[in-house]
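K.L.:
The opening position of the sequence shown corresponds to residue 1 in the UniProt record's numbering, with each subsequent residue numbered one higher. The C-beta atom is built at its ideal place from N, Cα and C for all residues, glycine as well.
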Amino acid sequence: MESTPRHKIPATLIPGDGIGPEVVAATVQVLDALGSPFIWDVQHAGIAGVTHCGDPLPDVTLESVRKNKLALKGPLTTPIGDGFRSSNVRLREEFQLFGNVRPVHTIIPGRYDKIDLVLVRENLGGFYVAHEYYIPVGDDPKAVAVATGVNTRDACARIARFAFEYALKHGRKKITVVHKANILKVLTGLFLDAARDVARDYEGRVEMNDIIVDACAMQLVLNPWQFDMLVCTNLFGDILSDQLAGLVGGLGMAPGANYGTDTAIFEAVHGSAPDIAGKDVANPISLLLASGLMLEHVGKGDLAQRLRTAITQTLNTDHICTRDLKGTASTREFAAAVVRRIEST
Ligand code: ATP
Numbered sequence: 001m002e003s004t005p006r007h008k009i010p011a012t013l014i015p016g017d018g019i020g021p022e023v024v025a026a027t028v029q030v031l032d033a034l035g036s037p038f039i040w041d042v043q044h045a046g047i048a049g050v051t052h053c054g055d056p057l058p059d060v061t062l063e064s065v066r067k068n069k070l071a072l073k074g075p076l077t078t079p080i081g082d083g084f085r086s087s088n089v090r091l092r093e094e095f096q097l098f099g100n101v102r103p104v105h106t107i108i109p110g111r112y113d114k115i116d117l118v119l120v121r122e123n124l125g126g127f128y129v130a131h132e133y134y135i136p137v138g139d140d141p142k143a144v145a146v147a148t149g150v151n152t153r154d155a156c157a158r159i160a161r162f163a164f165e166y167a168l169k170h171g172r173k174k175i176t177v178v179h180k181a182n183i184l185k186v187l188t189g190l191f192l193d194a195a196r197d198v199a200r201d202y203e204g205r206v207e208m209n210d211i212i213v214d215a216c217a218m219q220l221v222l223n224p225w226q227f228d229m230l231v232c233t234n235l236f237g238d239i240l241s242d243q244l245a246g247l248v249g250g251l252g253m254a255p256g257a258n259y260g261t262d263t264a265i266f267e268a269v270h271g272s273a274p275d276i277a278g279k280d281v282a283n284p285i286s287l288l289l290a291s292g293l294m295l296e297h298v299g300k301g302d303l304a305q306r307l308r309t310a311i312t313q314t315l316n317t318d319h320i321c322t323r324d325l326k327g328t329a330s331t332r333e334f335a336a337a338v339v340r341r342i343e344s345t
């Protein structure tokens with residue numbers, strides 16, 4: 001049996017679909033230049049899981065994550081409409097990854113400078129439990145569509161406490177709870193109530209306020225600097241985290257992390273972007289930054305800082321960037337430029 005080299009941390013690596021293998025390769029290359037602490041167990045999921053193992057979430061992949069309790073994952077394609085259930089959602093459920101964290105920072109000064117925001121999203125409940133069905137009427141089998149959301153007080157309190165603890169650990173001062181308690185009074189009202197209860201334990205240390213999701217979306221455009229951390233139900237968090245990514249240059253710029261009690265999976269905020277897959281043009285920064293969160297998670301904050309510095313220098317000093325940031329570098333050229341920066345410091 002192969003043994004793990006001393007001092008290396010075993011982690012599952014899922015290249016994923018679409019641009020996934022390209023941004024994952026770029027990230028592994030950059031981590032290697034940093035002196036990666038990880039030893040990878042490469043496994044497949046999504047369409048790649050079907051291709052390699054006949055299953056969008058193969059047992060061997062689940063087993064690897066169960067053993068390592070740590071994974072870096074490329075995006076997994078979920079076909080719209082009928083078909084298999086999202087492997088992303090299934091992974092979160094399987095490992096009870098209840099806390100999704102998406103930090104965004106301005107790296108390239110643009111339309112919005114000095115953005116420094118963290119979105120925490122409840123990852124397991126709400127409308128993502130996917131209790132959906134049709135009610136047939138007459139000869140139309142799909143005459144009525146019904147979706148049920150489920151939030152439990154325990155799960156709402158758990159994500160709120162997670163957010164407050166995150167705030168304390170990272171020196172954040174204010175948490176804004178995002179809801180729609182004026183319309184979804186029960187589903188998101190419970191979320192708000194539970195957050196208010198938890199907030200009492202943090203009085204004087206972390207401030208809490210709340211905002212209705214539509215107003216939040218507008219305020220994020222008008223004055224995003226008023227927010228420090230946002231805590232959202234599952235669906236609102238999904239939508240607003242793309243908006244946050246837009247504030248700092250687009251989907252290629254925002255990392256994501258999914259935390260459970262004993263397992264963590266790190267990923268890009270963006271999806272598999274099939275329109276640009278295989279063209280060597282994808283921006284790998286989102287996954288690079290996600291690997292930075294993974295480094296912090298395993299106590300290698302120094303390496304994470306070197307990584308972020310190298311990305312910043314590549315963008316702002318060397319002026320090398322991919323075409324989504326109005327540059328001309330390919331994915332590989334960008335990764336090579338970040339490696340050069342790492343090797344020169
Ligand atoms: P999925 O179904 O997996 O969510 P999608 O194409 O619907 O995929 P995203 O992949 O999140 O959604 O991205 C939407 C668009 O944003 C892509 O089609 C692509 O043009 C652009 N995009 C996303 N990620 C990147 C990236 N890393 N670099 C460059 N462009 C990107």
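Could you tell me which uninterrupted alpha helix (DSSP H) segments, each at least 4 residues in length, are contained entirely in the stretch 3 to 65, listed from first to last along the chain?
P.N.:
20 to 34, 47 to 53
K.L.:
Let me confirm a value: Pro109 is counted as buried when at least 16 other C-beta atoms fall within 10 Å, else exposed. Which label applies?
P.N.:
exposed
K.L.:
Between Ile47, Pro15, Asp210, Ser86, which has its C-alpha nearest residue 424's C-alpha?
P.N.:
Past the edges of the chain, shown from 1 to 345, lies residue 424, and the structure says nothing about it.
K.L.:
Whole angstroms are fine: how far does the CA of Pro136 sit from the CA of Gly149?
P.N.:
21 Å
K.L.:
Exposed or buried, which one is Lys180 when buried takes at least 16 other CB atoms within 10 Å?
P.N.:
buried
K.L.:
Can you give the Cα-Cα distance for Asp160 and Gly138, rounded to whole angstroms?
P.N.:
Checking the sequence shown, residue 160 turns out to be Ala, not Asp. Roughly 45 Å between the two C-alpha positions.
K.L.:
Between the stretch 305 to 312 and the stretch 287 to 296, do three or more beta carbon pairs fall short of 8 Å?
P.N.:
yes
K.L.:
Can at least three beta-carbon pairs, one atom from the stretch 81 to 100 and one from the stretch 251 to 264, be found at a separation below 8 Å?
P.N.:
The stretch 81 to 100 vs the stretch 251 to 264: in contact.
K.L.:
Where does Glu203 sit, in a helix, a strand or coil, going by DSSP?
P.N.:
Annotated three-state conformation of Glu203 is coil, per DSSP.
K.L.:
Do you know how far the Cα of Lys142 is from the Cα of Arg102?
P.N.:
Arg102 and Lys142 have their C-alpha atoms some 36 Å from each other.
K.L.:
Only counting the same chain, and skipping five residues up and downstream in sequence, which positions put a Cβ closer than 8 Å to that of Glu207?
P.N.:
Answer for Glu207: Lys173, Lys174, Ile175, listed in chain order.
K.L.:
Where DSSP assigns a beta bridge to His179, which residues make up the other side?
P.N.:
Ile212
K.L.:
Is it a yes or a no for the stretch 18 to 34 touching the stretch 314 to 327, going by three-plus beta-carbon pairs under 8 Å?
P.N.:
no
K.L.:
Hey, how far is the Cα of Ala245 from the Cα of Ala163?
P.N.:
19 Å
K.L.:
Which value, in whole angstroms, describes the spacing of the CA atoms of Val118 and His105?
P.N.:
9 Å
K.L.:
Give me the Cα-Cα distance between Leu192 and Asn182, rounded to the nearest whole angstrom.
P.N.:
Roughly 11 Å between the two C-alpha positions.
K.L.:
What span of residues does the beta strand (DSSP E) with Phe266 cover, start to end?
P.N.:
264 to 268
K.L.:
In chain order, what residues of the same chain lie with their CB nearer than 6 Å to the CB of Pro21, ignoring the 5 residues before and after it?
P.N.:
Pro15
K.L.:
For Pro255, list the residues DSSP reports as bridge partners.
P.N.:
Ala268
K.L.:
Consult DSSP for Phe227 and reduce its assignment to one of helix, strand or coil.
P.N.:
coil
K.L.:
Using only the heavy atoms of the ligand ATP, determine whether one of them is closer than 7 Å to the beta carbon of Val129.
P.N.:
no
K.L.:
What do you reckon, are the CB atoms on Arg121 and Asn234 nearer than 8 Å?
P.N.:
yes
K.L.:
Which whole-angstrom value is the C-beta distance of Cys216 and Val178, which I expect to be below 8 Å?
P.N.:
5 Å
K.L.:
Helix, strand or coil for Val186, going by three-state DSSP, please let me know.
P.N.:
coil
K.L.:
Below 6 Å CB to CB, which residues in the same chain sit around Ala157 once its five sequence neighbours on both sides are set aside?
P.N.:
Around Ala157: Ala194, Val198.
K.L.:
For His297 and Pro274, what's the separation of their Cα atoms in angstroms?
P.N.:
30 Å
K.L.:
So the candidates are Gly54, Ala11, Val339, Ile320; which of them puts its Cα closest to the Cα of Pro37?
P.N.:
The candidate whose alpha carbon is nearest that of Pro37 is Ala11.
K.L.:
Cβ of Ala282 versus every heavy atom of the ligand ATP: is any distance shorter than 7 Å?
P.N.:
yes
K.L.:
Can you give me the Cβ contacts of His131 inside the same chain, cut-off strictly under 6 Å, excluding the 5 residues immediately before and after it?
P.N.:
Excluding sequence neighbours, His131 sits near Thr148.
K.L.:
To the nearest angstrom, how far is it from the Cα of Ala155 to the Cα of His7?
P.N.:
36 Å
K.L.:
What did DSSP end up calling Pro103 once you bin it into helix, strand or coil?
P.N.:
strand
K.L.:
Out of Phe266, Lys300, Leu325, Ala48, which one is the CA nearest neighbour of Asn283?
P.N.:
Leu325
K.L.:
Note down the Cα distance separating Val30 from Ile211, rounded to an integer number of angstroms.
P.N.:
39 Å
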